[in-house]
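A quick write-up on the structure given underneath.
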Amino acid sequence: MTRPARAFIDLAALRHNFQQVRERASGCRVLAVVKADAYGHGAGAVATALEDADGFAVARVQEGRELRALGIDRPVVLLSGVSSEQELADAAELRLDLVVHHDSQTAALERAALREPVGVWVKVDTGMHRLGLAPERVPDTWRRLEACPSVAAPLRLMTHLARADERGDPSTADQITRFMSLAQAAGAETSLANSAGVLAWPAAHGHWVRPGIMLYGISPFVGGRGEADGLRPVMTFASRLIAVNRLSKGDAIGYGGTWTCPEDMPVGVVAVGYGDGYPRHAPAGTPVLVNGTRVALIGRVSMDLVTVDLRPQPAAAPGDPVVLWGRGLPAEEIAEHVGSIGYELVTRVAPRVARVTREFVETGDAQSPSASAGESR
Ligand SMILES: *Cc1c(COP(=O)(O)O)cnc(C)c1O
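Position 97 of the sequence shown, counted from 1, bears residue number 405 in my numbering, the numbering being contiguous throughout.
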C-alpha cells in the first residue's frame, strides 16, 4: 500500500476561487501566481485547470519551463527577473516575460542580442523595499528599455504592496498613490495587486492583478479565513489512523514524553509527520479531524507520525480518515497554532506526499485514498 498521507486538490474549488478574482477585479486581466509549484498544489494541474487565466506568474525560470512543457502558451511572467546571461537566454527561449527591478538587468538586455524580443515589466519600489527600482530611476530605465531591440513593446509597470494584508493601513494608500502617478507619466499598463490587493484595495486593481493565495482558498489577511471572503480551500491534506492504543493514566507519549495521559484513554497514531510537511512545532492542542470530528494533537510531531487524543472519538479505529487541514479545518487556523501562515503550510507539503487532483473534493471523499484519481508524484 502507498503511504496514506495525501494532498487532495479540488479543481472545482480552484475555479470557484478564480471566479471570485474575476468578480472582485472585474475588467482586469488576471495573472495567476503559480510559483513554488502553485503553493504546493502542483503547478501543472493548477495551470491546466485555469483555462480562463490571462497569464501566469512564476519565481524561477525552471517553473516557467514546466508550464511551457505542458503546452501552456499564454504569458508567463518571471517575477524575480533573471540574474545571469544564461538565465536571460533561457527565459527568452521560453518566451517568459521578465521583471526588470535592477539596473544590471537593463544593462544585460542592452548587451543581449535576442532573436525574439522579450516582454518586460518594470518593477518600481514604492515602499516594500525589497525588489524594485527607486521611483526616480524609472524614467531613465523606461527610455533605455523602450530603445532596446531585445525588448518587446509595450513596457508595463508594476509594484508590490508591503502591507495590503492589513485592511485600511495608510501605507498601502501611499504606495498606490505614488505608483499611479508614475504609471500616468509613463502611460503604461499597471499591476500592483496581490490577493490582499484584489480583496481589500480596489484602487490597486490596475490593469493586471496577480493573485496567489486566494486562488488556493486561503485568506491573505492577518487572522482571516478564506471562507469569509467567499473562497473554498483547494488542498485537503489527509491521512489515516494506523494504530489506536489504550493507554493508562500517567503514560508519557512520544519523543521527550512531553504529554502525559491525565486518565486511561485512547490515543491515535496518524501516518503523517514533518517528513510530509506537517509542521514539527505544532503544539499539543492543535486541532486534527478524525472521522470529521475535531480532536487534539498530543506529544511531539515526529518525522512520519503524530499522536492524537481520541477521547472525543472513542470508537475510532486504524484505517479511519484524518484531515490535517483543508475541508472542514482551515489551514489558516492550523497556521495560527504553529505561529506561521497558511501560505507556508501548503507550500511545504513534501514531495513524497501524492497530490490527488479531483474535480470535486467532498469531505468524506477526500478521506478515501482508495478512490483516487489523477494521482501524481
Ligand atoms: C507571490 C507574489 C504575488 C502573489 O501574492 P499572494 O499574496 O499569494 O496573492 C504577487 N506578486 C508578487 C510580486 C509576488 O511575489
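For glycine and all other residues, C-beta sits at the position ideal for the given N, C-alpha and C.
| Check | Outcome |
| --- | --- |
| Excluding the 5 residues flanking S547 on each side, which residues of the same chain have their C-beta closer than 6 Å to its C-beta? | P312, A313, V578, A579, V580, V630 |
| G583 to V657, Cα distance in whole Å? | 9 Å |
| Tell me the DSSP secondary structure of S489 in three-state form. | helix |
| Could you tell me the distance, in whole angstroms, from the CA atom of I317 to the CA atom of R451? | 45 Å |
| Is S503 close to ligand 1? I mean its beta-carbon at under 7 Å from any heavy atom of the ligand. | yes |
| Using alpha carbons as the reference points, say which of G435, V616, A361, R332 lies closest to V342. | A361 |
| If you draw a straight line from the C-alpha of T566 to the C-alpha of G558, how long is it? | 12 Å |
| Can you check whether the CB of R486 is closer than 8 Å to the CB of N502? | no |
| Compute the Euclidean distance between the alpha carbons of A590 and V609, then round it to the nearest angstrom. | 7 Å |
| With a 10 Å radius around its C-beta and 16 neighbouring C-beta atoms as the bar for buried, classify P541 as buried or exposed. | buried |
| Can you name the start and end residues of the alpha helix (DSSP H) that D398 belongs to? | 393 to 401 |
| Kindly give me the distance between the Cβ atoms of V329 and M543, rounded to whole angstroms, as I take these residues to be in contact under 8 Å. | Actually they are not in contact, since the Cβ atoms of V329 and M543 sit about 18 Å apart, beyond 8 Å. |
| Quick one: residues in its chain with C-beta nearer than 8 Å to the C-beta of L507, no 5 flanking neighbours on either side, listed in chain order? | R332, M522, P528, F529, D537 |
| Could you check whether V552 and A662 sit closer than 8 Å to each other, using their CB atoms as the reference points? | no |
| For the putative contact between V432 and L490, defined by C-beta atoms under 8 Å, what is the C-beta separation to the nearest angstrom? | 6 Å |
| Residues in the same chain with beta-carbon distance under 8 Å from I561, minus the five sequence neighbours each way, listed in chain order, please. | L555, W567, T568, C569, V575, I606, G607, T615 |
| How many angstroms separate the CA atom of T356 from the CA atom of L319? | 10 Å |
| What do you get for A681, buried or exposed, if any count of 16 or more other CB atoms within 10 angstroms of its CB means buried? | The predicted position of A681 is uncertain, since its pLDDT is 47 and thus under 50; no value can be drawn from it. |
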